[in-house]
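In this note's numbering, the protein residues as written are 6 to 116.
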(Lines of atoms letter the chains of each structure in order from A and count residues from 1; the text may use other names and numbers.)
(Lines give C-alpha, C1' and ligand atoms only; values in the text may rest on other atoms or scores of the structure.)
Protein backbone atom coordinates (compact mmCIF):
# COMPACT_ATOMS: atom_id res chain seq x y z
CA UNK A 1 0.00 0.00 0.00
CA UNK A 2 1.41 3.39 -0.96
CA UNK A 3 4.21 1.99 -3.15
CA UNK A 4 4.57 3.58 -6.61
CA UNK A 5 5.00 1.57 -9.79
CA UNK A 6 8.23 2.33 -11.60
CA UNK A 7 7.79 5.41 -13.80
CA UNK A 8 4.71 6.65 -11.96
CA UNK A 9 2.89 8.91 -11.78
CA UNK A 10 1.76 8.53 -15.38
CA UNK A 11 0.50 11.37 -17.56
CA UNK A 12 -2.60 10.58 -19.61
CA UNK A 13 -4.81 12.46 -22.04
CA UNK A 14 -8.57 12.27 -21.77
CA UNK A 15 -10.56 13.65 -24.69
CA UNK A 16 -14.27 14.09 -25.11
CA UNK A 17 -15.70 11.50 -27.50
CA UNK A 18 -16.60 12.93 -30.88
CA UNK A 19 -20.26 13.59 -31.61
CA UNK A 20 -19.61 13.31 -35.33
CA UNK A 21 -20.57 10.03 -37.03
CA UNK A 22 -17.74 8.08 -38.63
CA UNK A 23 -18.91 6.09 -41.67
CA UNK A 24 -16.28 3.43 -41.01
CA UNK A 25 -17.83 2.71 -37.58
CA UNK A 26 -21.56 3.23 -38.27
CA UNK A 27 -23.45 0.00 -38.82
CA UNK A 28 -26.22 -0.55 -41.39
CA UNK A 29 -28.29 -3.75 -41.37
CA UNK A 30 -31.48 -4.97 -42.99
CA UNK A 31 -32.88 -6.78 -46.01
CA UNK A 32 -33.19 -3.51 -47.93
CA UNK A 33 -29.41 -3.34 -48.22
CA UNK A 34 -29.50 -6.33 -50.57
CA UNK A 35 -32.21 -4.87 -52.81
CA UNK A 36 -35.94 -4.80 -53.37
CA UNK A 37 -38.49 -4.86 -56.18
CA UNK A 38 -39.55 -1.71 -58.04
CA UNK A 39 -42.50 -0.18 -56.24
CA UNK A 40 -41.65 -1.79 -52.88
CA UNK A 41 -39.75 -0.03 -50.11
CA UNK A 42 -36.31 -1.29 -49.18
CA UNK A 43 -35.80 -0.84 -45.43
CA UNK A 44 -32.77 -0.94 -43.16
CA UNK A 45 -31.49 0.44 -39.86
CA UNK A 46 -28.38 2.48 -39.11
CA UNK A 47 -26.58 2.56 -35.77
CA UNK A 48 -24.77 5.90 -35.58
CA UNK A 49 -21.27 5.62 -34.08
CA UNK A 50 -18.30 7.94 -33.73
CA UNK A 51 -14.64 7.31 -34.56
CA UNK A 52 -14.24 5.24 -31.38
CA UNK A 53 -17.25 3.03 -32.13
CA UNK A 54 -19.33 4.71 -29.41
CA UNK A 55 -23.08 4.97 -30.16
CA UNK A 56 -24.20 8.53 -30.90
CA UNK A 57 -27.49 9.36 -29.21
CA UNK A 58 -28.35 12.96 -30.16
CA UNK A 59 -30.72 12.10 -33.00
CA UNK A 60 -29.70 14.99 -35.24
CA UNK A 61 -27.55 13.26 -37.86
CA UNK A 62 -28.37 13.89 -41.51
CA UNK A 63 -27.73 10.51 -43.13
CA UNK A 64 -27.97 10.44 -46.94
CA UNK A 65 -28.95 7.39 -48.97
CA UNK A 66 -27.65 6.74 -52.48
CA UNK A 67 -29.47 4.02 -54.41
CA UNK A 68 -27.50 2.46 -57.27
CA UNK A 69 -27.96 -0.23 -59.89
CA UNK A 70 -25.81 -3.38 -59.73
CA UNK A 71 -23.52 -1.73 -62.32
CA UNK A 72 -23.06 1.33 -60.07
CA UNK A 73 -25.31 3.85 -61.85
CA UNK A 74 -27.48 5.94 -59.55
CA UNK A 75 -31.27 6.02 -59.55
CA UNK A 76 -31.93 9.79 -59.57
CA UNK A 77 -35.67 9.19 -59.11
CA UNK A 78 -35.25 7.07 -55.97
CA UNK A 79 -37.16 8.44 -52.99
CA UNK A 80 -35.14 8.03 -49.79
CA UNK A 81 -35.84 8.70 -46.14
CA UNK A 82 -33.86 8.30 -42.90
CA UNK A 83 -35.49 9.11 -39.55
CA UNK A 84 -34.25 8.94 -35.97
CA UNK A 85 -35.86 6.11 -34.01
CA UNK A 86 -34.30 6.78 -30.62
CA UNK A 87 -34.50 4.93 -27.32
CA UNK A 88 -37.08 2.22 -26.72
CA UNK A 89 -40.20 3.39 -24.91
CA UNK A 90 -41.44 1.43 -21.88
CA UNK A 91 -44.24 -0.88 -22.97
CA UNK A 92 -45.89 -4.16 -22.04
CA UNK A 93 -45.73 -5.82 -25.47
CA UNK A 94 -42.54 -7.05 -27.14
CA UNK A 95 -40.94 -4.54 -29.51
CA UNK A 96 -41.89 -5.07 -33.13
CA UNK A 97 -39.57 -2.38 -34.51
CA UNK A 98 -35.88 -1.84 -33.72
CA UNK A 99 -35.26 0.94 -31.22
CA UNK A 100 -32.35 2.29 -29.22
CA UNK A 101 -30.11 5.30 -28.69
CA UNK A 102 -28.45 6.36 -31.95
CA UNK A 103 -30.69 4.16 -34.10
CA UNK A 104 -32.12 5.40 -37.40
CA UNK A 105 -34.58 3.76 -39.78
CA UNK A 106 -33.89 4.15 -43.47
CA UNK A 107 -35.95 3.39 -46.52
CA UNK A 108 -35.92 3.91 -50.25
CA UNK A 109 -38.39 3.44 -53.07
CA UNK A 110 -37.61 3.04 -56.76
CA UNK A 111 -40.46 3.05 -59.26
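C-beta atoms are modelled at their ideal positions from N, C-alpha and C, and glycine is treated no differently.
Residue 115 and residue 36 have their C-alpha atoms spaced approximately 15 Å apart.
For residue 90, the enclosing beta strand (DSSP E) has its first and last residue at 84-91.
For residue 40, the closest C-alpha among the options 23, 75, 65, 25 is that of 75.
With fewer than 16 other CB atoms across the displayed protein chains lying within 10 angstroms of its CB, residue 57 is exposed. In terms of CA proximity to residue 50, 88 leads the group 92, 9, 88. Residue environment: residue 26 is assigned as buried (16 or more neighbouring CB atoms within 10 Å of its CB, all protein chains considered).
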